[in-house]
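*Asks:* Residue numbers (the working numbering), protein chains in the order written: chain A, 1 to 707; chain B, 1001 to 1151.
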Amino acid sequence: MEDFRKLFYDEARDLLSKLEETLLLLEDNFENKELINEVFRIMHSLKGSGAMFGFLNLSKFTHNLETLYDEIRSDTITLNSEIITFTMQCGDHVSKLLENDDDDELLKVTDDFKTYINNLLKNSDTISHQLVEDKSKHSEIPTKSGNKVFYIEFDPCEDIFNDGTNPLYLVDELIDFGEAIVKLNYNNLPDFYDINPEKCYLSWTILLSTNKDKRDISDVFIFVEDESNIVIEVLSDKDLFSLKNSVSILKHELFNNHTNFINLKTEAITLEEQLSETDIIIPIDQKSEDKEENKTTVESTKKELTKPDNQAVTNPQPINIDTVKVSSLKLDSLINLVSELVTTQARLITIAHTNKSNELSVLSEDFQHLTRQFRDIAFDMRLIPIETIVVKFKRLVRDLSKSLGKKVNLVAVGTETELDKNIISALSDPIMHIIRNAIDHGIEIPETRKKNNKPETGTIYFDAKYSGTSIIIHIKDDGAGINTAKVLKKALANDLIQLGDDLTNEQIFNLLMLPGFSTSEVVTNISGRGVGMDVVRKKILDLHGEVSITSEEGIGTSVKLKLPLTLSIIDGLLVTINSESFIIPLSSVVQIYQVNEKKIRNSVNNIIDIEGVQFPFVNLPKKFDNSSASNQVLHFITVSYHNKTVGLVVNELISEYQAVLKPIGSIQQNNELFAGATILGDGKIAFVMDTNKVIDFYSNQKNEEHE
Amino acid sequence: MNNKESIINSYLSFKLGNETYAAHVSKILKILQLSEVTKVPNAPSNMKGVINHHGNVLPVIDLNQTLGLPETIRTNNTCIIILSVEQGNNIINIGAIVDEVLNVENVNDEQISDPPSLGANTLDHIVGVTKKDDTFIMILDIDNIFKELKI
Chain A
1 MEDFRKLFYD EARDLLSKLE ETLLLLEDNF ENKELINEVF RIMHSLKGSG
51 AMFGFLNLSK FTHNLETLYD EIRSDTITLN SEIITFTMQC GDHVSKLLEN
101 DDDDELLKVT DDFKTYINNL LKNSDTISHQ LVEDKSKHSE IPTKSGNKVF
151 YIEFDPCEDI FNDGTNPLYL VDELIDFGEA IVKLNYNNLP DFYDINPEKC
201 YLSWTILLST NKDKRDISDV FIFVEDESNI VIEVLSDKDL FSLKNSVSIL
251 KHELFNNHTN FINLKTEAIT LEEQLSETDI IIPIDQKSED KEENKTTVES
301 TKKELTKPDN QAVTNPQPIN IDTVKVSSLK LDSLINLVSE LVTTQARLIT
351 IAHTNKSNEL SVLSEDFQHL TRQFRDIAFD MRLIPIETIV VKFKRLVRDL
401 SKSLGKKVNL VAVGTETELD KNIISALSDP IMHIIRNAID HGIEIPETRK
451 KNNKPETGTI YFDAKYSGTS IIIHIKDDGA GINTAKVLKK ALANDLIQLG
501 DDLTNEQIFN LLMLPGFSTS EVVTNISGRG VGMDVVRKKI LDLHGEVSIT
551 SEEGIGTSVK LKLPLTLSII DGLLVTINSE SFIIPLSSVV QIYQVNEKKI
601 RNSVNNIIDI EGVQFPFVNL PKKFDNSSAS NQVLHFITVS YHNKTVGLVV
651 NELISEYQAV LKPIGSIQQN NELFAGATIL GDGKIAFVMD TNKVIDFYSN
701 QKNEEHE
Chain B
1001 MNNKESIINS YLSFKLGNET YAAHVSKILK ILQLSEVTKV PNAPSNMKGV
1051 INHHGNVLPV IDLNQTLGLP ETIRTNNTCI IILSVEQGNN IINIGAIVDE
1101 VLNVENVNDE QISDPPSLGA NTLDHIVGVT KKDDTFIMIL DIDNIFKELK
1151 I
């Protein structure tokens, strides 16, 4: 049972985020029936599955909301932004109920919400609202042009009850799509004494007039289609039900005992002809076109008629399932296995090298190739689009700007950019914080903006894009920008800098990311408690990322986040330094040179000239262990360091290497030089360098300031 | 001391320099032969490096140096004992190099006397002292040793 609850929990989470998305869209267009229906459907699903899995309070609550949206979609209540705000709050409440369905506190709130809904319902002109779904209501839905009539046979397998499926729900769901004539077939019902109450002997034939397409209908049967006999056919592309008498004619035909699709189709064609003759709603200029279309339908239906009967009884088209939900635990264990595989593969390579067997080498190289592909795909599976968290930001912007009396618009670009799921979830809070800052400190109130010749509505741009093996996220606002004088004053007051320190703008902005720094004079509940950008920076650094701030007063502020795509396997260069192995991430390597030891030793100021280019460098063998610095063959690896190219001196260059990062937890906290460690094929450990930090640390400049 | 420790009265005794020390068995996961330790650049001097322990990267410290005792020469008897250390709410594993592992001693709580009140600066790390035959055995408070130690 717990498993099922878990499933429901996941499903409900999805529904709630969809709800939020829909509501935000709906806010721009209160009239959008499609969206209102979507909200209604979400409530309906929550109610239904909620009750099924024992979330009774949640179910009751969503029932009220469902009622509300039913009124809205039947135009008895007009949707306004107040109701949308309210519904969002309800959404939040539902997510709390999900955590704890029986909490007394929550139940009290639930009652408040319910009263609110009831008031809304009362204020509307509805005399009384029928809670029971009744079919007449559905016929009130204005039938839009574009409706089609479907012929559906639903013959569930006898054992359908065993999975806990109630076929009536499915039929109800279909009825929700539009207007329907439903016929129950009970011909297969055995004698009373032979009835097994656990079996289903009934089947249904349904004529459905709806604007949905075939796929939507077959989606209803998605869970039962394998066992059950389902036929879905288009009876007519016209909205036959809008024709007077047509419903009774079709009904008559349907309830005729020997009815089948062909008979109905014939009837439908006759009706279609009548329809096109009597149809005066269609404007004249469209009419001719429409008739043509009609002709083709008739022709095509005739063709269909000539086909053998069983053609109509084929299964519905296979549904293209283009996404599969997999629990993240399974994914994690897959990744772990891949990591192990990569390690084992590395061992195989080592053995192949030492054995000098040709066959083995070839095999191990093939194996390496496959492993690499396998690794890439496995990692790709963990990537999810950043879109998933952007919805949250939209909500934040909306709520926050409202409560602060500002007008802010969030423009998100590149939301399809994909990132490792772990990074995404860790990224959500920092970005939220940055956006919060932008709204609270950045964007001015509308009056000020007007005075400064800016559009009243401020804009926050969210932009994500790939850059090599990293991803770069920009969060830009067109607000007031950072007042550098204010920052300096504050920094002085907090002893973060000394009087007379000459700081570049970049350095000033970096001050903002020091612990305990907040320029906001008023501490609001939104930002300004001094736990701001420093936390953001720490979180981003934890992800091996970087943060930088740029700002221009009066124009706006931009925060740039640079993040790696994944965290656990990196391509690197295996090198030795003083006979210990290290890995330099390939992503930062620019070029490799061979140099002799003399040249290094004779260099001045740690700058060396190679092929006419001058490189600053770090002599790693010496820096890592001065006492036993080895002077073996030296290689000079140039790596990109911020926007420069810096050389690293190593002793030996072994090979390219796929390193599975192992956490080095407690060591890492006090030793920032390494991003992790990896276990080599022979069981030895090699540290994976974080080249930026290594260079930061060993290049003497700025070293003191950092510590 | 938690329950587990008070129920089991077994202590692993080992040598550091010429003195005998002991730690409660619940703190000790494993005794390994001294293998090759991968050095970590830019590490504190008592941190000798890391070893590969069943696919995990395990930090190794020199217990002599950690306790402020002079470093000793490695012999055939030198061992690494893997300690389970509580740091805040985390439990981490640390390999500690000791000069020789001696025995598992059963010592009742009554046989443990308070640590001497005078003497070296390692006293914070000693829970008590017991005597076996003619040797003093100092019982170490493993969690306390690594509480503030940065590795």
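A virtual CB, placed ideally from N, CA and C, is assigned to each residue, including glycine.
Predicted model, so just to flag it, every value in this text is computed and none were measured.
State yes or no: is the beta carbon of glycine 458 of chain A nearer than 8 Å to at least one beta carbon in chain B?
*Replies:* Closer than 8 Å to the CB of glycine 458 of chain A there is not a single CB belonging to chain B.
*Asks:* If you reduce the DSSP assignment to three classes, tell me which class tyrosine 201 of chain A lands in.
*Replies:* coil
*Asks:* Who are the neighbours of isoleucine 335 of chain A on chain B, taking C-beta pairs under 8 Å?
*Replies:* Neighbours of isoleucine 335 of chain A on chain B: none; closest Cβ ~15 Å, over 8 Å.
*Asks:* For glycine 1049 of chain B, I'd like the list of residues in its chain whose CB is within less than 7 Å of its CB, leaving aside the five on either flank, ordered along the chain.
*Replies:* Residues Val1037, Thr1038, Lys1039, Val1040 and Val1060 of the same chain have their beta carbon placed closer than 7 Å to that of glycine 1049 of chain B, with the five preceding and five following residues left out of the count.
*Asks:* Determine, using beta-carbon pairs with one atom in the stretch 407-414 of chain A and one in the stretch 457-472 of chain A, whether at least three such pairs fall under 8 Å.
*Replies:* yes
*Asks:* Roughly how many whole angstroms lie between the Cα atoms of glycine 1088 of chain B and threonine 576 of chain A?
*Replies:* Our two residues, glycine 1088 of chain B and threonine 576 of chain A, have alpha carbons roughly 36 Å apart in a direct line.
*Asks:* Nearest by alpha-carbon distance to leucine 634 of chain A: which of A:Thr645, A:Lys662, A:Lys623 and A:Glu652 is it?
*Replies:* Of the listed residues, the one whose Cα sits closest to leucine 634 of chain A is A:Glu652.
*Asks:* Could you name the residues of the same chain whose beta carbon sits closer than 6 Å to that of valine 1104 of chain B, not counting the 5 residues immediately before and after it, in chain order?
*Replies:* Ser1010 and Leu1012
*Asks:* Could you work out which residue in A:Pro455, A:Ala12 and A:Tyr657 is closest to histidine 44 of chain A when comparing CA atoms only?
*Replies:* A:Ala12
*Asks:* If you draw a straight line from the C-alpha of asparagine 710 of chain A to the C-alpha of valine 171 of chain A, how long is it?
*Replies:* Nothing can be reported for residue 710 of chain A: it is not among the residues displayed for chain A, which extend from 1 to 707.
*Asks:* In chain A, which residues lie with their C-beta within 9 Å of the C-beta of lysine 1039 of chain B?
*Replies:* Per Cβ cutoff of 9 Å: Asn578, Glu580, Phe624 and Asp625.
*Asks:* Could one say the Cβ of glycine 572 of chain A lies closer than 8 Å to chain B's Cβ atoms, at least one of them?
*Replies:* no
*Asks:* So what's serine 548 of chain A in DSSP terms, helix, strand or just coil?
*Replies:* In the three-state scheme derived from DSSP, where H, G and I count as helix and E and B as strand, serine 548 of chain A is classed as strand.
*Asks:* Taking the alpha carbon of aspartate 226 of chain A as the point to measure from, which residue in A:Gly545, A:Asn692 and A:Cys157 has its own alpha carbon closest?
*Replies:* A:Cys157
*Asks:* List the whole-angstrom C-beta distance separating leucine 174 of chain A from isoleucine 217 of chain A, where the pair is believed to meet the contact cut-off of C-beta under 8 Å.
*Replies:* 7 Å
*Asks:* Within 10 angstroms of the Cβ of arginine 215 of chain A, are there 16 or more other Cβ atoms? Answer buried if so, exposed if not.
*Replies:* exposed
*Asks:* When burial is assigned at 16 or more other CB atoms within 10 Å of the CB, is valine 694 of chain A buried or exposed?
*Replies:* buried
*Asks:* According to DSSP, simplified to helix, strand and coil, what is tyrosine 116 of chain A?
*Replies:* helix
*Asks:* Figure out for me which residue from A:Ser74, A:Lys598 and A:Glu418 has the closest Cα to the Cα of aspartate 380 of chain A.
*Replies:* A:Glu418
*Asks:* At a Cβ threshold of 8 Å, is glycine 1095 of chain B touching chain A?
*Replies:* no
*Asks:* Run through the DSSP bridge pairs and tell me what methionine 432 of chain A is partnered with.
*Replies:* Methionine 432 of chain A pairs with nothing; no bridge assigned.
*Asks:* Do you know offhand how far phenylalanine 1146 of chain B's Cα is from serine 1084 of chain B's?
*Replies:* 10 Å
*Asks:* In the DSSP assignment, find the alpha helix (DSSP H) that holds glutamate 153 of chain A and state where it starts and stops.
*Replies:* Note, glutamate 153 of chain A: premise wrong, no alpha helix (DSSP H); beta strand (DSSP E) at 148-155.
*Asks:* Could you confirm whether any beta carbon from chain B is found closer than 8 Å to the beta carbon of glycine 48 of chain A?
*Replies:* no
*Asks:* What is the DSSP secondary structure of threonine 143 of chain A, reduced to helix, strand or coil?
*Replies:* Residue placement at threonine 143 of chain A is poorly supported in this model, since its pLDDT is 40, which falls under 50; the coordinates still yield a value, given next. Reduced to three states, the DSSP call for threonine 143 of chain A is coil.
*Asks:* To the nearest angstrom, how far is the alpha carbon of asparagine 79 of chain A from that of serine 401 of chain A?
*Replies:* It should be noted that the sequence gives leucine, not asparagine, for residue 79 of chain A. Counting only the Cα atoms, serine 401 of chain A lies some 21 Å from leucine 79 of chain A.
*Asks:* Measure how close the beta-carbons of leucine 565 of chain A and aspartate 420 of chain A come, nearest whole angstrom, since I'm counting them as under 8 Å.
*Replies:* Indeed they touch by this definition, with Cβ atoms about 7 Å apart.
*Asks:* Give every residue of the same chain whose Cβ lies closer than 7 Å to the Cβ of isoleucine 654 of chain A, excluding the five residues on either side of it in the sequence, and list them in chain order.
*Replies:* Leu574, Val575 and Thr576
*Asks:* Taking only the alpha-carbon atoms, compute the straight-line gap between isoleucine 423 of chain A and isoleucine 570 of chain A and give it to the nearest angstrom.
*Replies:* 15 Å
*Asks:* Could you name the residues of chain B that alanine 677 of chain A contacts, counting a contact when the two beta carbons are closer than 7 Å?
*Replies:* Val1050 and Val1057
*Asks:* I'd like the span of the alpha helix (DSSP H) that includes proline 621 of chain A, first residue to last.
*Replies:* 620-624
*Asks:* Which whole-angstrom value describes the C-beta separation of leucine 396 of chain A and isoleucine 435 of chain A, a residue pair presumed to lie in contact below a C-beta threshold of 8 Å?
*Replies:* By a beta-carbon distance limit of 8 Å, leucine 396 of chain A contacts isoleucine 435 of chain A. Their separation comes to about 6 Å.
*Asks:* Just the C-alpha distance for arginine 398 of chain A and methionine 432 of chain A, rounded to the nearest angstrom, thanks.
*Replies:* 13 Å
*Asks:* Lysine 407 of chain A and proline 446 of chain A look like a contact to me (Cβ under 8 Å); what is the Cβ gap, rounded to whole Å?
*Replies:* Taking a contact as a CB-CB distance under 8 Å, the pair lysine 407 of chain A and proline 446 of chain A counts as one, their CB atoms being some 6 Å apart.
*Asks:* Can you tell me whether DSSP reads methionine 43 of chain A as helix, strand or coil?
*Replies:* Residue state, collapsed to three classes: helix.
*Asks:* Ordered along the chain, which non-local residues of its own chain (more than five positions away) have a Cβ less than 7 Å from that of serine 678 of chain A?
*Replies:* Note that residue 678 of chain A is threonine in the sequence shown here, rather than serine. Excluding positions up to five away in sequence, the list reads Ile583, Ala659, Val660, Leu661, Lys662, Ala686 and Val688.
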